[in-house]
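127 is the number of the first residue of the sequence shown in the numbering used here; add one for each residue after it. Think of the CB as a built atom: it goes at the ideal place given N, C-alpha and C, for glycine as much as any other residue. Quick caveat, the model's predicted, so the values are computed rather than measured. What follows is a single structure, written as structure tokens, with notes after it.
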Amino acid sequence: MGLILWLIIGGLAGWIAGNIMRGGGFGILGNIGVGIVGAVLGGALFSLLGLEAGGMIGSLVTATVGAVVLLWIISKVKSKG
């Protein structure tokens, strides 16, 4: 059940981040990918800042923040290329 929950949170986080950063999602697989990578990035960022988010809502917030940062980094790299 943990894997399914992880995929759902990743998909939601990717969709939310896509709507924040570019006005739309990336499709179900794209949202899950962005959300999972965002969760790893968000977890690292929160850890560096000494923050800890617990529970499902905390995981969703962490993944969404990480996904927004990921999409922001990607947009900056693309604009320089």
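In the structure shown, F152 adopts coil according to DSSP, grouped into three states. For the 8 angstroms CB-CB criterion, A193 and G153 do not form a contact. The continuous alpha helix (DSSP H) containing L186 extends over residues 181–206.
Setting aside the 5 residues that flank it on each side, G136 is surrounded in the same chain by I158, G161, I162, A165, A189, each with a C-beta closer than 7 angstroms to its C-beta; the list follows chain order.
For A139, the closest of L129, G168, G128 by C-alpha to C-alpha distance is G168. Judged by their CB atoms, V191 and L171 are nearer to each other than the 8 angstroms cut-off.
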